[in-house]
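Accompanying notes for the structure given below.
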Amino acid sequence: NCLKAAKINTLSELVKYDTHELLKFRNFGKKSLVEIEELLQEKGLTFGMDLSKYKLDED
12 NCLKAAKINT LSELVKYDTH ELLKFRNFGK KSLVEIEELL QEKGLTFGMD LSKYKLDED
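Here's what the structure looks like:
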């Protein structure tokens, strides 16, 4: 899918992007954006988050 093609494999990688950047990805449209926004909202996440304060491993 288009997220794998953009080398986005985890939610932490995904939320670093803002919506405008995601919509530039090939085959990523508004429907995909809405579906992912709903999923993130369920998990208490948003696009454009700065996760550096959580010190997540990049391994």
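FYI, in the working numbering the residues of the sequence shown are 12 to 70. All residues carry an ideal CB built from backbone N, CA and C; glycine is no exception.
What three-state label does DSSP hand residue 41 in the structure shown? For the purposes of this step, residue 41 is taken as residue 30 along the sequence shown, with counting starting at 1. Looking at residue 41 - three-state DSSP - the assignment turns out to be helix.
Tell me whether residue 16 sits in a helix, a strand or coil according to DSSP, three-state version. As a position in the sequence shown, residue 16 is number 5, starting the count at 1. Note: residue 16 maps to helix in three-state DSSP.
Hey, residue 27 and residue 60: beta-carbon distance below 8 Å or not? Stepping through the sequence shown from its first residue, residue 27 is reached at position 16. Stepping through the sequence shown from its first residue, residue 60 is reached at position 49. Contact: yes.
For a test of the three-state rule: what should DSSP assign to residue 57, helix, strand or coil? In the sequence shown, residue 57 corresponds to position 46, counting from 1. Reduced to three states, the DSSP call for residue 57 is coil.
Start and end residues, alpha helix (DSSP H) containing residue 63: To locate residue 63, count along the sequence shown from 1; it is residue 52. No alpha helix (DSSP H) holds residue 63; DSSP gives it neither H nor E.
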